[in-house]
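In my numbering, the protein residues as written are 3 to 82. Where is the CB? At the ideal position from N, CA and C, for every residue including glycine. First the structure, in the form of structure tokens, and then the observations on it.
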Amino acid sequence: EELSCLAVWKEGSAHYLVGKMSNEKHHNLPFTDDNSYRCFVFDYLPEKGGIQMSQSADATCDGLVSPWEGSRTMKLIKSK
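Here it is, written out as structure tokens:
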């Protein structure tokens with residue numbers, strides 16, 4: 003999967019990102035315009051030099067309350 007960032011903003015202490023997903027390697031599971039947009043909420047992890055984020059289940063940001071809870075969660079750490 004590949005994510006193209008379309009917008010980033012901050013509301014209060016929460017950071018949000020909206021992006022378009024694509025699946026270059028698995029052509030049998032293509033993303034369409036109807037299901038390719040996702041919202042993410044994220045927070046910086048300064049002690050680890052990374053980001054904690056959660057992904058929405060659909061194109062809205064509804065229900066995303068924390069980088070630790072969501073349809074899909076991930077921790078991104080920069081490799082050394």
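Between which residues of its own chain and residue i is the CB-CB distance below 7 Å, once the five residues before and five after are set aside?
| i | result |
| --- | --- |
| Gly51 | Ile79 and Lys80 |
| Leu66 | Cys41, Val43, Ser56, Ser58 and Gly72 |
| Trp70 | Gln54 and Ser56 |
| Ala16 | Val43 |
| Lys77 | Gly52 and Gln54 |
Starting from the C-beta of residue i, find all residues in its chain whose C-beta is less than 6 Å away, skip the five residues before and the five after it, and write them out in chain order.
| i | result |
| --- | --- |
| Tyr39 | Lys22 and Ala61 |
| Arg74 | Gln57 |
I need the boundaries of the beta strand (DSSP E) containing residue i, first residue and last residue.
| i | result |
| --- | --- |
| Gly52 | Gly52 to Gln57 |
| Thr75 | Arg74 to Ile79 |
| Ser15 | It is not in any beta strand (DSSP E) - Ser15 carries neither H nor E in the DSSP assignment. |
| Cys63 | Element bounds for Cys63: n/a, residue is neither H nor E. |
Would residue i be called buried (16 or more neighbouring beta carbons within 10 Å of its own) or exposed?
| i | result |
| --- | --- |
| Pro48 | exposed |
| Leu8 | exposed |
Near residue i, which residues of its chain fall below 8 Å by C-beta distance, leaving aside the five closest residues on each side in sequence?
| i | result |
| --- | --- |
| Lys12 | Tyr18 |
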